[in-house]
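Taking numbering that gives the first Met the number 0, I'd label the letters of the sequence shown as residues 0 to 427.
The structure under discussion appears below in the form of structure tokens.
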Amino acid sequence: MDKLEGTVAVKGSVAYVPQQAWIQNATLKENIIFGQEGREQWYQQVVEACALQPDLEILPAGEDTEIGEKGVNLSGGQKQRAERVLTGGLLSPRWLGVRIEFIGNCIVLFAALFAVTGKESLNPGLVGLSVSYALQVTMSLNWMVRMTSDLENNIVAVERVKEYSETKTEAPWEVEDKKPPPEWPMTGNVQFQNYSVRYREGLDLVLRNITLNVKGGEKIGIVGRTGAGKSSMTLCLFRLLEAAAGEIIIDDVKIAEIGLHDLRSQLTIIPQEPVLFSGTLRMNLDPFEKYSDEDVWKALEHSHLHRFVSNQSAKLELECSEGGENLSVGQRQLVCLARALLRKTRILVLDEATAAIDLETDDLIQSTIRTQFDDCTVFTIAHRLNTIMDYTRVLVLEKGQMVEFDCPSRLIAERGPFYKMAKDAGLV
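In structure tokens:
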């Protein structure tokens with residue numbers, strides 16, 4: 000919402016902090032005090048409590064910087080760089096035009112001088128023809144520069160096609176002579192043996208010599224700072240990244256030897272950004288129509304969506320917009336949870352699935368995982384450490400290497416990296 004006109008009056012002491020921040024077209028300070036003038040000490044306390052001072056120091060006008068849709072959200076340096084790019088785009092044609100005109104006029108001048116100096120031996124018709132052609136040089140030079148530029152731009156497409164043609168293709172969808180057993184995986188044992196991986200050839204390893212053994216039914220929390228390699232581990236389980244060294248074994252089957260469909264169909268992931276398609280709710284829950292309506296309703300009940308769907312006139316035929324925009328973020332994540340409950344595979348991966356939702360929805364998801372996935376192996380990339388404090392073990396990654404792997408209570412007692420994270424989170 001944008002404030003178009005009028006005034007803002009504060010009629011009470013109720014504060015509302017929405018998921019999407021509302022910023023009015025005013026200075027940063029005016030957005031904070033919101034009409035409550037004369038409370039300088041309170042304002043300074045707010046700035047300190049919200050750790051805003053570093054941001055104020057980098058803004059071009061500090062607390063008086065205009066923000067909001069009509070304000071300027073870029074720093075002074077960013078504005079100058081953006082304007083410099085725009086200015087260059089406007090001036091470069093003029094720069095080129097002046098120089099091409101100069102070159103063309105020089106050619107006409109030389110043609111005229113040549114005609115004057117050689118007037119006694121040159122044919123008048125030849126002189127007129129040369130000067131006439133010289134006058135057209137400017138147009139020809141413009142055309143030549145434009146064609147050269149177009150060729151340079153279009154040749155990039157050839158480079159891309161060549162690059163795509165040389166890109167290594169994905170592994171086979173199915174490998175007939177390497178089919179896993181029909182009921183695989185039975186227990187959900189996962190082993191990483193000296194496993195290393197990189198995103199592509201020539202880049203540094205993002206995981207280095209990871210060796211661990213996870214028993215079926217264990218709940219494993221994965222923690223670490225940004226760039227530690229947490230998400231890379233989940234990508235490796237689905238073979239979105241192929242091993243640079245080592246191997247992953249699930250229930251005595253090396254996943255690098257089987258087809259991608261045989262592997263991925265037996266794993267379930269709930270990503271941080273919920274994935275919903277344009278269509279009915281039932282289609283989003285069961286796109287291949289493998290389950291009955293009774294199974295779908297049961298999954299909705301366990302995912303705490305039964306009441307919401309029951310109150311809709313269309314029930315399971317409720318239309319979902321692209322990306323689930325007509326549902327809240329929490330509801331979208333619960334739909335993904337219901338989808339996972341329907342599949343009920345032996346291995347479940349949660350990639351910071353609760354990072355963007357409220358604590359209440361987070362608690363609902365965690366309680367469902369503890370009860371409905373009790374016999375499944377669960378890998379959770381944790382956004383909130385309190386959600387994994389009751390897990391079987393916690394894996395701590397740092398710069399792609401495993402630094403700790405044990406039960407949470409033991410890791411806290413050892414006062415290592417996990418203890419520091421728990422202390423920062425106020426859990427110890």
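Idealized CB from N, CA, C, for every residue including glycine.
Model, not experiment: these values are computed from the prediction.
Could you pull out every residue in the same chain whose Cβ sits closer than 7 angstroms to the Cβ of residue i, ignoring the five residues on either side in sequence?
| i | result |
| --- | --- |
| ARG281 | VAL295, LEU315 and GLU316 |
| LYS253 | GLU246 |
| ASP374 | GLY216 |
| VAL205 | VAL196, ARG197, TYR198, GLY228, SER231 and GLY399 |
| MET420 | VAL222 and LEU384 |
| ALA133 | ILE106, VAL107 and ALA110 |
| MET459 | No statement about residue 459 is possible, as the shown extent of the chain runs from 0 to 427 and does not include it. |
| ASP357 | GLY329 |
| LEU214 | First, the residue type needs correcting, since residue 214 is Lys and not Leu in the sequence shown. Same-chain partners within the cutoff: ASN188. |
| ASP285 | VAL295 and LEU341 |
| GLU82 | Caution applies to GLU82, whose pLDDT of 42 falls short of 50 and renders its modelled position unreliable; the model cannot decide the point. |
For residue i, which beta-bridge partners are listed by DSSP?
| i | result |
| --- | --- |
| GLU151 | For GLU151, which the question treats as bridged, DSSP gives no partner whatsoever. |
| VAL213 | VAL189 |
| ASP405 | VAL393 |
| THR379 | GLY220 and LEU349 |
| THR512 | An answer regarding residue 512 cannot be provided, because it is not within the stretch 0 to 427 covered by the chain. |
| ALA428 | The shown model of the chain, from 0 to 427, leaves out residue 428, and the question about it has no answer. |
| GLN365 | Answer is none; GLN365 lacks a bridge partner. |
| LEU206 | VAL196 |
| THR370 | Looking at the DSSP assignment, THR370 forms no beta bridge with any residue, so it has no partner. |
| LYS268 | Here residue 268 is Ile; the residue named in the question, Lys, does not match the sequence. Looking at the DSSP assignment, ILE268 forms a beta bridge with VAL348. |
| VAL160 | Note: VAL160 sits in no beta bridge, so no partner. |
Does the separation of the CB atoms of residue i and residue j fall below 8 angstroms?
| i | j | result |
| --- | --- | --- |
| VAL144 | ILE99 | yes |
| GLN271 | ASP362 | no |
| GLU329 | THR379 | Per the sequence presented here, residue 329 reads as Gly, with Glu not at that position. Going by C-beta atoms, GLY329 is not nearer than 8 angstroms to THR379. |
| PHE237 | ARG263 | yes |
| THR367 | GLU318 | no |
| LEU394 | LEU211 | yes |
| ARG199 | GLN400 | no |
| LEU275 | GLY322 | yes |
| ILE269 | VAL189 | no |
| TRP172 | LEU240 | no |
| ILE257 | PRO179 | yes |
| CYS235 | VAL196 | yes |
| PRO407 | GLN332 | no |
| SER277 | SER312 | no |
| VAL348 | ASN283 | no |
| ALA243 | ALA255 | no |
For residue i, I'd like the list of residues in its chain whose CB is within less than 6 angstroms of its CB, leaving aside the five on either flank, ordered along the chain.
| i | result |
| --- | --- |
| ILE346 | GLY187, LEU266 and THR376 |
| TYR418 | ILE411 |
| LYS28 | GLU62 |
| LYS78 | Summary for LYS78: the model assigns pLDDT 37, below 50, so the residue's position carries little reliability; its value from the coordinates is reported in the next sentence. So no residue of the chain qualifies. |
| GLY425 | none |
Rank the options by C-alpha distance to the C-alpha of residue i and give the top, closest one.
| i | options | result |
| --- | --- | --- |
| ILE364 | LEU299, GLU293 and LEU211 | LEU299 |
| GLY228 | TYR194, GLU217 and GLY216 | TYR194 |
| LEU341 | VAL136, SER291 and TYR163 | SER291 |
| ARG93 | GLU241, ARG338 and ASN141 | ASN141 |
| VAL97 | THR137, PRO171, VAL115 and THR26 | THR137 |
| THR233 | ASN310, MET146, SER312 and ALA352 | ALA352 |
| LEU95 | GLN43, LEU134 and SER148 | SER148 |
| GLN372 | SER91, ALA339 and ASP357 | One detail in the question is off: residue 372 reads as Phe in this sequence, not Gln. Per the Cα distances, ALA339. |
| ASP405 | SER277, GLU158 and LYS218 | LYS218 |
| ASP176 | GLN43, LYS343, ASP261 and ASN122 | ASP261 |
| LYS289 | TYR132, ARG159, VAL308 and LYS343 | LYS343 |
| GLN192 | ILE209, LEU336 and LYS167 | ILE209 |
| LEU336 | LYS297, GLN135, SER309 and GLU324 | LYS297 |
Excluding the five sequence neighbours on either side, which residues of its own chain have a C-beta within less than 8 angstroms of the C-beta of residue i, listed in chain order?
| i | result |
| --- | --- |
| VAL428 | Residue 428 lies beyond the stretch modelled for the chain, which goes from 0 to 427, so this question has no answer here. |
| GLU403 | VAL393, LEU394, VAL395, LEU410, GLU413, GLY415, PRO416 and PHE417 |
| LEU85 | Any reading at LEU85 needs caution, since the residue's pLDDT is 46, under 50, leaving its predicted position unreliable; the model's value is listed next. Cβ within range, chain order: n/a, list empty. |
| ASP203 | ARG197 |
| VAL427 | ILE411, TYR418 and ALA421 |
Could you tell me whether any non-hydrogen atom of the ligand SAH is closer than 7 angstroms to the CB of residue i?
| i | result |
| --- | --- |
| ASN152 | Annotation note on the ligand SAH: not contained in the displayed structure, which lists no ligands. |
query: Are there three or more Cβ pairs, one per stretch, closer than 8 angstroms when the stretch 302–309 is compared with the stretch 382–390?
result: No, the stretch 302–309 is not in contact with the stretch 382–390.
query: Touching or not, the stretch 387–396 and the stretch 211–229, by the rule of three or more beta carbon pairs under 8 angstroms?
result: Yes: the two stretches touch, three or more of their Cβ pairs being nearer than 8 angstroms.
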